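These notes are about the structure you will find just below.
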Amino acid sequence: MRVLVTAGPTREPLDPVRYLSNRSSGRMGYAVARALLRAGHKVVLVTGPTALRPPAGASVVRVETAREMLAACRRHWRNCDAVVAVAAVADWRPARAAAVKLKRGDAATTLELVANPDILATLARTKGRRLAVGFALESGDGRQEAWRKLRGKNLDAIVLNGPRAQGAARATLQLLRADGGEARLGPAAKEVLARRLVRCLFGPRRSPKV
Ligand code: CTP
2 MRVLVTAGPT REPLDPVRYL SNRSSGRMGY AVARALLRAG HKVVLVTGPT
52 ALRPPAGASV VRVETAREML AACRRHWRNC DAVVAVAAVA DWRPARAAAV
102 KLKRGDAATT LELVANPDIL ATLARTKGRR LAVGFALESG DGRQEAWRKL
152 RGKNLDAIVL NGPRAQGAAR ATLQLLRADG GEARLGPAAK EVLARRLVRC
202 LFGPRRSPKV
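Take any residue in the sequence shown, note its place counting from 1, add 1, and you have its number in this note's numbering.
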């Protein structure tokens with residue numbers, strides 16, 4: 002299969018030197034990409050800015066903003082068989098990004114924000130028989146929320162994790178499937194979790210690693 006993976010945070014500019022973003026390190030998304038490659042799949046990795054080295058063998062598209070991520074994903078989605086959206090997309094962006102650096106005296110005390118597009122929901126709307134998998138970052142018991150997102154975004158499965166997973170090396174995941182199936186993965190290192198997850202979603206490894 003050719004799988005589209007989104008990873009990392011997005012950055013939403015306020016001016017040429019400032020942005021809104023989040024704590025995502027990209028680790029989970031990169032680990033999923035690596036696990037897919039290991040399992041014999043082709044990967045298009047659309048990634049926000051991270052400090053990580055991209056997995057060898059992936060076709061990597063670097064983006065900054067949610068709108069750039071959407072455009073890149075749209076371009077590649079037509080040639081992919083599945084999408085796994087791990088990116089922590091900023092839900093809002095500043096209504097205006099200044100062309101030159103804002104000076105201390107210019108700054109308004111309130112920031113006007115506008116909603117960003119939902120990348121995964123946009124792709125999954127046209128998925129047909131292709132596989133669409135999301136991640137849900139929830140504080141507290143997020144199962145209900147995760148189910149809501151799975152249905153609302155037309156997904157085949159959603160992976161639930163807690164806010165402590167962001168930026169951390171280890172995590173515990175819950176996999177919820179559209180058919181009602183549930184599985185708990187971990188606690189374990191993200192690399193290990195990613196392999197288990199890929200196995201659950203895409204079946205066993207297809208070709209031995211050379
Ligand atoms: N997602 C996306 N585009 C967005 C927001 C989220 O593609 N603008 C994807 C994420 O990559 C993830 C899933 O949707 O796979 C759920 O993301 P999450 O941030 O948990 O949910 P939201 O839809 O943003 O909902 P909320 O902020 O209300 O929790």
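Positions of the beta carbon are idealized from the N, C-alpha and C atoms, including for glycine. Since the model is a prediction, treat every value here as computed from it, not as a measurement.
- Below 8 Å, enough C-beta pairs join the segment 90–107 and the segment 14–24 to call them touching: three or more.
- In the three-state reduction of the DSSP assignment, Leu-121 falls in the helix class, which pools H, G and I.
- Counting other Cβ atoms within 10 Å of its Cβ, Pro-10 reaches 16 or more and is therefore classed as buried.
- For Gly-187, the secondary structure class from DSSP, reduced to helix, strand or coil, is strand.
- Residue pairing by DSSP places Ala-59 in no beta bridge whatsoever.
- At least 8 Å separates the beta-carbon of Asp-157 from that of Val-193.
- Pairing Leu-132 with Asn-162 gives a Cβ-Cβ distance that is not under 8 Å.
- Between the alpha carbons of Leu-124 and Ala-184 lies a gap of roughly 25 Å.
- DSSP places Arg-197 in the helix class (H, G or I) of the three-state scheme.
- Secondary-structure assignment with DSSP links Pro-14 through a beta bridge to Tyr-20.
- For Lys-150, the enclosing alpha helix (DSSP H) begins and ends at 144–153.
- For Leu-71, there is no enclosing beta strand (DSSP E); the enclosing alpha helix (DSSP H) has its first and last residue at 67–78.
- If you draw a straight line from the Cα of Asp-107 to the Cα of Asp-16, it comes to about 12 Å.
- In this structure Cys-74 is in contact with Leu-5, their Cβ atoms being roughly 6 Å apart against a cut-off of 8 Å.
- Checking the 7 Å criterion, the Cβ of Val-90 is within range of a heavy atom belonging to ligand 1.
- When the beta-carbon positions are compared, Thr-66 and Glu-13 come within less than 8 Å of each other.
- With fewer than 16 other Cβ atoms from the protein chains shown falling within 10 Å of its own Cβ, Asp-142 counts as exposed.
- A Cβ-Cβ separation of about 6 Å places Phe-203 in contact with Ala-40 under the 8 Å criterion.
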